[in-house]
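Input: a single structure, listed below in structure tokens.
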Amino acid sequence: MAKEFDYYRIRSIDYTSDFASGATIVPLVSCAFFYFIGFETQFLSWIKIAVFSSLAGILFLAWRRHFFHELYVKGVDVTGRIDSAQAFKRGGSRVEYKYEYQGEKYWRGNTLTASSFRKYGFSEGDEVVLRIDPKNPRRAVIRDIYFLLDVRINQ
């Protein structure tokens, strides 16, 4: 069981973070490709695209890391139920769940990579432990996928 915050693990599970990582790297690789094969006109176009998309991807990844770290450190655990679990044709999946916190009902979801979705085999009606932000309970993730914690539920 993980006891320390592990963003690299989260990035491999979270489809959004995984996609942003690719958006950061692919344009730079394409830019290098055009440079090394000698197409200067394509290189100049790609360098602008690569710099912009890489900066946007890096900022987005920094925001995601901050989001997950805050939930890891300051979040509280609640029990929820899977409302739907769907795999996408082009990769990734969406797991939506309902939960209650301090008398309010919420409905949220996480977008997972295809491999993590298959590994955990979610089904409608399954009970899951969620880690939520007590200041903004709409911010939630499935605790045992993202953080691998073994702690008791506290509301």
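For the sequence shown, the UniProt record's numbering begins at 1 and goes up steadily by one. Using N, Cα and C, we set each Cβ at its ideal position, and we do this for glycine too.
Do you know whose CA, among V141, S17, T16, V73, lies nearest Y97's CA?
-> The alpha carbon of Y97 has as its nearest neighbour, out of V141, S17, T16, V73, the alpha carbon of V141.
Just tell me which of A114, G91, R81 has its CA closest to the CA of E100.
-> When only C-alpha atoms are compared, the closest one is R81.
Say the cut is 6 Å; is the CB of G38 nearer than that to a heavy atom of the ligand FMN?
-> Of ligands this structure carries none, so the ligand FMN is not represented either.
At which residues does the alpha helix (DSSP H) containing S17 begin and terminate?
-> Residues 15-37.
Is DSSP giving E124 helix, strand or coil here?
-> Three-state DSSP puts E124 in coil, outside helix and strand.
Entirely within the UniProt domain "DUF3592" (79-142) and at least 3 residues each: give me those beta strand (DSSP E) ranges in chain order.
-> Runs of the beta strand (DSSP E) inside the UniProt domain "DUF3592" (79-142): 93-101, 104-112, 127-133, 136-142.
Per DSSP, residue 192 forms a beta bridge with which residues?
-> No answer is possible for residue 192: the residues shown for the chain start at 1 and end at 155.
In angstroms, rounded to a whole number, what distance separates the CA positions of A62 and L28?
-> When rounded, the distance between both Cα atoms is 18 Å.
Taking N136 as the reference, give the member of S30, G125, Q102, I37 with the closest Cα.
-> For the options S30, G125, Q102, I37, the alpha carbon positioned closest to that of N136 is the one of Q102.
Go ahead and label Y146 buried or exposed: buried means 16 or more other beta carbons lie within 10 angstroms of its beta carbon, across all protein chains shown.
-> Looking at its Cβ environment, which holds 16 or more other Cβ atoms inside 10 Å, Y146 is buried.
Cβ shell of C31 (< 6 Å), same chain only, five flanking positions each side left out = So the list reads W46, I47, A50, once near-sequence residues are dropped.
DSSP three-state assignment for F147, whether helix, strand or coil | Shown here, F147 sits in coil according to DSSP, grouped into three states, outside any helix or strand.
Inter-stretch contact (C-beta, 8 Å, three-pair minimum) for the region 106-122 and the region 87-97 = Yes, the region 106-122 is in contact with the region 87-97.
State the CB to CB distance for the pair L130 and V73, rounded to an integer number of angstroms; the pair is presumed to be in contact (CB under 8 Å).
-> With a Cβ gap of about 16 Å, L130 and V73 do not count as contacting.
For E4, which three-state DSSP category applies?
-> Look at E4 here: in three-state DSSP terms it is coil, with no helix or strand label.
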